[in-house]
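Student: Numbering (the working numbering), first residue to last: 919 to 1221.
C-beta atoms are modelled at their ideal positions from N, C-alpha and C, and glycine is treated no differently.
Before I ask anything, here is the structure I am working with.
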């Protein structure tokens, strides 16, 4: 009996000690919480910030004293930008094809979005002016037309400076007609199709296309900046690269606004028909492609 009483007293003492320790710990946490507040970083991490100084106080990140003030300000600024967004409370809706207990589905509520995907294109407003067409039609040499379409696209080489006079200076036999630009052509030729990165190969491909290699424009699999990539593919199709039409069609079927193109199944089907029966002119080009496809979507990929 005495043994049982002794054991019970020992347990009671231990429990009392643990409660006291826990109270002291909670008091310390409460004090810390009173001196700091939590800021949610853009990556979702919870960062403690000192209330008095507005400096990061978290123990779980590297507090470099030399840049603590700058890092703290960046954290607070980024949080302020995110909190000021009108879409901060946005919650996406997801289509559920399965009927509920009443046999109803989400089809009717999602039908307007489906209809947008098949909205008909319009070519009432021609992207080409009468003056542009008249001048283009007056060009009776394929290379001159190539140069005009490249300039009209406003695509520029970002890797090296290419003067306008250097555009398309290789004749049908592959001979450089202006030897003073040989160094530029050699540098582009060395770097195109060099797989250092998608951005690298995409930008050098545009440079090669500007100089006269339209095939380097038409590969939609490589590209760093998607807007420039799509613009380059569109130009490649205008210059006569039929395979570029297939790439362009897929853009409107599989890609979304996150990479700069609105999914549009009507446009996909229209371009796919052109791919199967390309409307090449006597020079093997499709200069008026933007009129044929239509202007429902905005083809200003630089915006």
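Apart from the five residues just before and just after residue 959, which ones in its own chain have a Cβ nearer than 8 Å to its Cβ?
Tutor: Cβ within range, chain order: 965, 993, 996, 997.
Student: Are at least three pairs of beta-carbons, each pair with one atom in the region 1149-1165 and one in the region 1186-1196, less than 8 Å apart?
Tutor: In short, these stretches touch, since the Cβ pair count reaches three.
Student: Tell me the DSSP secondary structure of residue 1007 in three-state form.
Tutor: Note: residue 1007 maps to coil in three-state DSSP.
Student: Closest to residue 954 by C-alpha separation, out of 961, 963, 974, would be which residue?
Tutor: The candidate whose alpha carbon is nearest that of residue 954 is 974.
Student: What first and last residue would you give for the beta strand (DSSP E) that runs through residue 1066?
Tutor: Run containing residue 1066: none in the beta strand (DSSP E); it sits in the alpha helix (DSSP H), 1060-1071.
Student: Starting from the Cα of residue 1187, find the closest Cα among 1169, 1203, 1204, 1199 and give me that residue.
Tutor: Per the Cα distances, 1169.
Student: Report the rounded CA-to-CA distance for residue 957 versus residue 1016, giving the unit in angstroms.
Tutor: Approximately 40 Å, taken between the alpha carbons.
Student: Could you compute how far the alpha carbon of residue 972 sits from the alpha carbon of residue 1003?
Tutor: Straight-line Cα distance between these residues: approximately 22 Å.
Student: Check whether the region 1067-1077 and the region 1146-1158 are in contact - that is, three or more C-beta pairs closer than 8 Å.
Tutor: As far as the Cβ criterion goes, the region 1067-1077 touches the region 1146-1158, which means the pair count is three or higher.
Student: Got a sec? Which residues, its chain only, sit under 7 Å from residue 947 by beta carbon, not counting five neighbours each side?
Tutor: With a pLDDT of 34 at residue 947, under the threshold of 50, the modelled position of that residue is not reliable, and no figure is offered here.
Student: Can you grab the Cα-Cα spacing for the pair residue 1024 / residue 1126, in whole Å?
Tutor: C-alpha separation (whole angstroms): 49 Å.
Student: Using alpha carbons as the reference points, say which of 1135, 1119, 1033, 1133 lies closest to residue 1077.
Tutor: Of the candidates 1135, 1119, 1033, 1133, the one whose C-alpha sits nearest the C-alpha of residue 1077 is 1119.
Student: Using CA coordinates, which residue listed in 1210, 1211, 1203 is at the minimum distance from residue 1054?
Tutor: Among 1210, 1211, 1203, the Cα nearest to that of residue 1054 is on 1203.
Student: Quick one: what's got a C-beta closer than 7 Å to residue 1103's C-beta in the same chain, skipping five residues either side?
Tutor: Correct list, in chain order: 1094, 1129.
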